[in-house]
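Worksheet: one structure, shown below.
Protein chains: 2
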Amino acid sequence: MALTLEELKEKARLLRIHSMRATTAAGSGHPTSCLSAAEIMAAVFFHAMKFDPKNANAVEGDRFVLSKGHAAPVLYAAQAEAGMYPVSRVMTLRQFASELEGHPTPRIPGVDAATGSLGQGLSVGAGLALGARFQNSNARTYVLLGDGEMAEGQVWEAAAFAAHQKLENLTAIVDVNALGQSGRTMYQHHMEVYRAKFEANGWAAEVIDGHDLATVVAALGRAQAARGRPQAILARTLKGNGISFLADKEGWHGKPLSKDELERALAELGPAPAIAPDAGHSYERAKLPAPPEFPAPPAPEYKLGQMVATREAYGAALKRIAAVHPKLVAIDGDVKNSTFSEILEKAMPERLFQSYIAEQNMVSVAAGLAAQGLVPFAATFACFLARAYDQVRMAGISRANINLCGSHCGVSIGEDGPSQMALEDLAMFRAIPNACVFYPSDAVSTERLVETMARTNAICYLRTTRPKTPVLYANDEKFPVPGFKILRESASDSATIVGAGVTLHEALKAYEQLKAKGIAARVIDLYCLKPMDGAALGAQVRATGGRLVIAEDHYPEGGVGEAVLAALAAVGIAPGIVRHLAVNGVPHSGKPDELLEAFGISARHIAAAVETIS
Amino acid sequence: MALTLEELKEKARLLRIHSMRATTAAGSGHPTSCLSAAEIMAAVFFHAMKFDPKNANAVEGDRFVLSKGHAAPVLYAAQAEAGMYPVSRVMTLRQFASELEGHPTPRIPGVDAATGSLGQGLSVGAGLALGARFQNSNARTYVLLGDGEMAEGQVWEAAAFAAHQKLENLTAIVDVNALGQSGRTMYQHHMEVYRAKFEANGWAAEVIDGHDLATVVAALGRAQAARGRPQAILARTLKGNGISFLADKEGWHGKPLSKDELERALAELGPAPAIAPDAGHSYERAKLPAPPEFPAPPAPEYKLGQMVATREAYGAALKRIAAVHPKLVAIDGDVKNSTFSEILEKAMPERLFQSYIAEQNMVSVAAGLAAQGLVPFAATFACFLARAYDQVRMAGISRANINLCGSHCGVSIGEDGPSQMALEDLAMFRAIPNACVFYPSDAVSTERLVETMARTNAICYLRTTRPKTPVLYANDEKFPVPGFKILRESASDSATIVGAGVTLHEALKAYEQLKAKGIAARVIDLYCLKPMDGAALGAQVRATGGRLVIAEDHYPEGGVGEAVLAALAAVGIAPGIVRHLAVNGVPHSGKPDELLEAFGISARHIAAAVETIS
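If you read the sequences in order, they're chains A and B.
Per our numbering, the first sequence starts with residue -16, numbered consecutively.
Per our numbering, the second sequence starts with residue -16, numbered consecutively.
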């Protein structure tokens, strides 16, 4: 849209009016955080960006990420002025029935990731820019950040990543209004600090007056012309700018104006447009990006009993599926030789993006790639996904189609010790709404579940194991979701043993030990922890007299055991006797078998648990 | 220790020998990551640091943090050469019975925080340096980082924080060996990038040859003399340095030398000392820092029924306790006016440290402060503690005495929307070994539990609520751990209702609704989620016919419901009928009451659940 400078100024004036009116109507929100960004938003939306308001999340169109998500009203105001919905809709801000929430989410068009947990937007923007380039789109991504969130380390992970990837199609604008929530920001208006930081990270960077529209427009032009590196526009602004009694005043963060204050503020801005009553029509997006269909890849080719680590099968599956799935990409955090993402990279180097040791950025970049219609698989040691739990949480709110693989779970990693052992990852991922959580025990189920992940419209988590384990299934075995496999059963089973990963193999050994003593037990491979079919599982427990032994290489809280208990309770099945074997206390270094034994999840402990309740 | 340059060179040679021997003996580990740091470690341990090897974690002594935790053997080698234990003990590296684990933990003297999840050490070091200064110690803290971990954003959070705090007693040495785990690092040997980044963050920074001992010694001297800001020594090194076939070679990360390779390597280094067989004596620390005793503070002064947000009671408790507890300090992430940490700050400004919007750094700084014997309370919105889950995980491995408060839990925050709602925090904190998890429902229990946190030798988490709730307890009420309160009971109760926080108050309303219909129910305030007394709780459930309704403002996974089910199962109590009310799916903006209703955890839903099972 080629607006004149005067027309852009009018847009900025309207954005201020809409933002203040909407927050006053809502009775909450952050009007002053919108006012500092009015000129920036006007210049980005009505001068720089090229996008179709009717198809605002297209790979061909420029994208915008509001990293400072609390300024949502100014985004909604800009979208309304761009014709995406009527201004009356902005006035439904924060209402129960409105899709215009307190912080933006992809429920509405033009938003690719939920923001509001600060410092994530630049990584999402890098993912969008990378995803555009990967798909040969010349579209640009603009990210608006606040200065408060520049304290978040993830911003600097993203800055390093974007420069390393030479994302010349990425522009960051920092609204440096110098006021945080509870006081002045660390650097206040020392603009040169921000410039030095961005330049040190390899960006083009310039400091401008963020309230001078001609200056903002010119800076955006220079950004568009820049080649070989991303660009940062550091805009000196005032929080509450444009209103005499708000500008640069402390105590106004997250506070709407009273009706009287609004009147006084509007009087300073000149004539305010009449707004018709809202028709109540929702502008929620009809559909979010979903994984594309792809043909069935060739089946894996394992032999029963072959020793293969599930982490290695993960890498093999990526390669096998990628051959028939052009949208599949992977991201690594400098552990590709441990997670086996390198199997994909060696076959198709262009499919793997290196995020180095920066897990937060890795996960948010994945969300950006998914918002461009790609199907990303990000992998690292499972314990290091804890580093990115807030990013996973926000991806959950975004309904982002990202796939995450965590290798090296549990004490079975052995000598490296507890810092490298994931013992809380199942608790983490189970508590993400609508997520799928898979925990395969052999190479075939791993490969099949990776394919399922690529087809599933949800955040999917795959937990893989470091040591090699024997192949249990034929290559054509199916692994429905929800589901589990009954590996051992008889009419006289005295208990049901539930295991997954290394503990399933311990359970199979326990089965033999028990059999030698004349005790029959049922052994279940619970490869899918979420969703879970409690009724089907409960039927097995009932068939074994209500006696249940659960063994997991995880802390007792939030993992396999609690998942099973909750699933049974939800369908009204109360197991008579439960023995829950899990890792209690902080583990330490040792040989894998020593640790399984010491922390009570070895075959011997499982067999003993069955014996005590039989 | 005033060693000559030649003596220091000999130390470096011995550190190389010990590191390679230990990893070969262990059959795993990271010898080449030790070799690049040999001169740095020799200079730090045997020239720069002033500490008592018999009391290596004293507030008066210099401290050392090995942020690149995988180089543990070179730390153990240095500690052994410093006389903390015999060199023979280093050869027990990674064994099940050894306290010298694959990555360092505070089990051993001279280690203040577990490392091995990269990028956390500089924050811990900043906490140690801050904690020393707060206690008028002139001691210095040295942190050794690897270049791979410089990609972690937390390093830059720590860098900004340390400079802002003017921590002139903090020196970072970066071992830039240019090789990561799976390939070359992002910046390889472009040393000026690191210098520019540190300088942009306000540090003194210089680039040196990390294998020239005289240069390293001189740089450490300049660092000690620097005033007003922390110092970064950027040491250009080679991974595997000192051994011809290892130096700067890819493919050697995390790989011990074979016995033959070790022979060849040792031959290059000259005579290797004889090492006596290890006596098997453990050098585990006799005790870790524990919270000091303090006199009972005056009781709070609330009136029954008074409306007070538990988050506000948290701040009031900090102030009340701090008056009698000189070691209590608080850390904020720019939300002190929301978490009410500001109540403490207004009374005692020197007790609150501002970490700005950088939760990872906030938590690791807290771990550093705790390692200096202080009792830190760090608070932010509960959802943003997800940003620091890996740091909490590592604090758990460290057995760090940190206290965390998460405000604004659940959908009851209302209009701000899901990005600001913590709905997985209980799952997170329950899955930390030995942690205590508290979820008070009124101001009195909040204040009492904050005092309990200050006295408890464990990671403690307190979940506070945004809206005001009525005071339920007399000011002298006690809240034992584990424990719960029975607020309503009769001989004819048809079900037990368990609530906490906002759902407890909904449960009390449901009680009245049910009573009007002639249905009696038991109402339990489950203020302590971990540890939990399953037998005592189970007795209540049994007394109400095994009928149990649990309501929580949290996702269904890993929270109150699963905690209760697991605690009951652990003592062999199977509730007959369970109704678990929790927040299913991603919530959105709305008024708190609308959301409690829409997501099924309001009084009406609780009463209906009791009715359906009565």
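C-beta: ideal position from N, C-alpha, C; glycine also.
Note that the coordinates shown come from a computational prediction; the quantities given were computed from them, not determined experimentally.
Note the first and the last residue of the continuous alpha helix (DSSP H) segment covering residue i.
{"i": "N598(A)", "result": "Residue 598(A) falls outside the range modelled here, since chain A spans only -16 to 597, and no answer is possible."}
{"i": "A5(A)", "result": "-12 to 9"}
{"i": "F47(B)", "result": "No alpha helix (DSSP H) holds F47(B); the beta strand (DSSP E) holding it covers 46 to 49."}
{"i": "Y266(B)", "result": "Where Y266(B) is concerned, there is no enclosing alpha helix (DSSP H), given that its DSSP letter is neither H nor E."}
{"i": "R212(B)", "result": "Counting along the chain, R212(B) falls outside any alpha helix (DSSP H), and DSSP gives it neither H nor E."}
{"i": "L548(A)", "result": "543 to 553"}
{"i": "F412(A)", "result": "408 to 413"}
With distances taken Cα to Cα, identify the nearest neighbour of residue i among the options.
{"i": "A187(A)", "options": "S165(A), T486(A), T154(A), A549(A)", "result": "T154(A)"}
{"i": "N384(A)", "options": "L252(A), D399(A), S347(A)", "result": "S347(A)"}
{"i": "T486(B)", "options": "A296(B), C511(B), I589(B)", "result": "I589(B)"}
{"i": "A518(B)", "options": "E(-10)(B), A557(B), D459(B)", "result": "A557(B)"}
{"i": "M345(B)", "options": "Q374(B), R334(B), I326(B), A365(B)", "result": "Q374(B)"}
{"i": "A330(A)", "options": "A305(A), R294(A), S321(A)", "result": "A305(A)"}
{"i": "A474(B)", "options": "A361(B), R525(B), A292(B)", "result": "R525(B)"}
{"i": "A26(A)", "options": "Q148(A), A201(A), R90(A)", "result": "A201(A)"}
{"i": "P309(B)", "options": "D315(B), Q337(B), P280(B)", "result": "P280(B)"}
{"i": "P416(A)", "options": "A503(B), P401(B), F367(B)", "result": "P401(B)"}
{"i": "A282(A)", "options": "N38(A), G397(A), R431(A)", "result": "R431(A)"}
{"i": "T322(B)", "options": "D536(B), A296(B), A426(B)", "result": "A296(B)"}
{"i": "A591(A)", "options": "I502(A), P570(A), L520(A), H537(A)", "result": "I502(A)"}
{"i": "S428(A)", "options": "N440(A), L368(A), M436(A), E460(A)", "result": "E460(A)"}
Determine the chain B residues that contact residue i at a beta-carbon separation under 8 Å, and present them in chain order.
{"i": "S50(A)", "result": "Under the 8 Å cutoff, chain B gives no residues; its nearest Cβ is about 12 Å from S50(A)."}
{"i": "I560(A)", "result": "G555"}
{"i": "P465(A)", "result": "Here the premise fails: no neighbours, minimum Cβ distance about 15 Å."}
Could you check where the beta strand (DSSP E) with residue i kicks off and where it finishes?
{"i": "E386(A)", "result": "It should be noted that the sequence gives Asn, not Glu, for residue 386(A). Start and end: 386 to 390."}
{"i": "I396(A)", "result": "From DSSP, I396(A) is part of no beta strand (DSSP E); its letter is neither H nor E."}
{"i": "Q337(A)", "result": "335 to 337"}
{"i": "G225(A)", "result": "G225(A) -> no beta strand (DSSP E), and no H or E assigned at all."}
{"i": "E189(A)", "result": "187 to 192"}
{"i": "R530(B)", "result": "530 to 534"}
{"i": "L564(B)", "result": "560 to 564"}
Please compile the residues from chain A whose C-beta is within a distance smaller than 8 Å of the C-beta of residue i.
{"i": "V318(B)", "result": "Q164, S165"}
{"i": "P539(B)", "result": "A549"}
{"i": "E577(B)", "result": "F79"}
{"i": "F367(B)", "result": "S100, D373"}
{"i": "G351(B)", "result": "By Cβ distance, chain A contributes nothing, its closest Cβ being about 17 Å from G351(B), past 8 Å."}
Pull up the CB-CB distance for residue i and residue j, whole angstroms please, since I reckon it's below 8 Å.
{"i": "Q403(B)", "j": "I469(B)", "result": "That belief does not hold up - the Cβ atoms of Q403(B) and I469(B) are roughly 33 Å apart, past 8 Å."}
{"i": "S572(A)", "j": "R77(B)", "result": "5 Å"}
{"i": "G351(A)", "j": "L111(A)", "result": "4 Å"}
{"i": "G99(A)", "j": "H53(A)", "result": "7 Å"}
{"i": "L203(A)", "j": "A31(A)", "result": "4 Å"}
Who are the neighbours of residue i on chain B, taking C-beta pairs under 7 Å?
{"i": "W139(A)", "result": "G136, W139"}
{"i": "A9(A)", "result": "E398"}
{"i": "L101(A)", "result": "I340"}
{"i": "P416(A)", "result": "Y538, G568, V569"}
Listing by chain order, which chain A residues have their CB less than 7 Å from the CB of residue i?
{"i": "D343(B)", "result": "Residue identity differs from the one stated: residue 343(B) is Gln in this sequence, not Asp. Per Cβ cutoff of 7 Å: G136."}
{"i": "R72(B)", "result": "Correct list: empty, because the minimum Cβ distance to chain A is about 14 Å."}
{"i": "M169(B)", "result": "A143, H147, Y339"}
Can you pull the chain A neighbours of residue i, defined as C-beta to C-beta under 9 Å?
{"i": "T98(B)", "result": "S402"}
Can you name the residues of chain B whose CB is closer than 9 Å to the CB of residue i?
{"i": "H605(A)", "result": "Residue 605(A) lies beyond the range of chain A shown here (-16 to 597); nothing can be said about it."}
{"i": "V94(A)", "result": "Result: empty, since nearest Cβ-Cβ is about 12 Å, beyond 9 Å."}
Is the CB of residue i under 8 Å away from at least one CB in chain C?
{"i": "A586(B)", "result": "Looking for chain C here will not work: the only protein chains present are A and B."}
ask   = Of all the alpha helix (DSSP H) runs that stay within the bounds of the segment 4 to 86 of chain A, which reach a length of 4 or more residues?
value = Segments of the alpha helix (DSSP H) lying fully in the segment 4 to 86 of chain A: 14 to 18, 21 to 26, 55 to 64, 70 to 73.
task = Scan the segment 429 to 514 of chain B and note each continuous beta strand (DSSP E) run of 3 residues or more that stays entirely inside, going in chain order.
result = 443 to 446, 468 to 471, 479 to 482, 505 to 508, 511 to 513
ask   = Going along the chain, which unbroken runs of the alpha helix (DSSP H) with 4 or more residues stay wholly within the segment 118 to 181 of chain A?
value = 136 to 147
Sequence ranges, beta strand (DSSP E) only - wholly within the segment 300 to 382 of chain A, length at least 3 = The segment 300 to 382 of chain A contains these whole beta strand (DSSP E) runs: 311 to 315, 335 to 337, 358 to 364.
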